[in-house]
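All letters in the sequence shown, in the order written, are residues 82 to 263 by our numbering.
All C-beta atoms, glycine included, are put in the ideal place defined by N, C-alpha and C.
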Amino acid sequence: MGEEDYRSLVADYVNYRLDKHGYHWENAPAQRKNNKVYQAVRKLGDEFENKQDSSDFHDMVTSLQITPETAHSTFSTVTNEMFSNGINWGRVVALIGFGGAFSVECVSRNMPQLVDLVVDWVATYMNSNLKDWISKNGGWQGFVDFYSRRDQSANDDNPWVKYGVLGAVGVVVLGALMTQRT
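The structure is reproduced here in structure tokens:
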């Protein structure tokens, strides 16, 4: 899977997420309803949004205080922190989910022009930093297999790596608050 394929996967999820929140994305791709990978990513996103702790995640993303000037550095900081302890399928999906949440936040703050950039940032990160790991772990068929057996495992491959993602966003929020106070 090349960067364009990663972009297609991320764009599909971001469009799905924006649509669920009632937002229209002008450059949205057509939904790929029959693709198992895309379906699995959407389903995991739905499951995450329906969990009680997703409000914590939403609150943290909201507290990032995204602006056009800070969006890329904020996104990069959270993403780098997310993968600071390694790569697993849960974190890969969390990256896509974070891209979706970040995009929703951008649109809700009247910055829809950032959505295309967010999709590019996620796709570029995946292509540059995750491609080899994804390939070594069965490619996207490995992801579909992970998704289908995720309920049987309670290890670190939790689909959203709840504490890792919340922690990554939390570190950035704390840093931003400390910077504002100095």
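In this structure, the beta-carbon distance from His-105 to Val-185 does not fall below 7 Å. In the DSSP assignment, Gly-171 falls within the alpha helix (DSSP H) that extends over 170-189. By the CB criterion at 7 Å, Val-159 and Val-95 fall outside the cutoff. Counting along the chain, Met-163 sits inside the alpha helix (DSSP H) bounded by residues 152-163.
Per DSSP, Tyr-104 is not a residue of any alpha helix (DSSP H), being assigned neither H nor E. By the CB criterion at 7 Å, Tyr-97 and Arg-123 fall inside the cutoff. DSSP, read as helix, strand or coil, puts Thr-143 in helix. Residue state for Thr-205 is assigned as helix, using DSSP reduced to three classes. Excluding five sequence positions before and after Ile-168, the CB atoms of its chain that fall closer than 7 Å to its own CB belong to Leu-211 and Trp-214, given in chain order.
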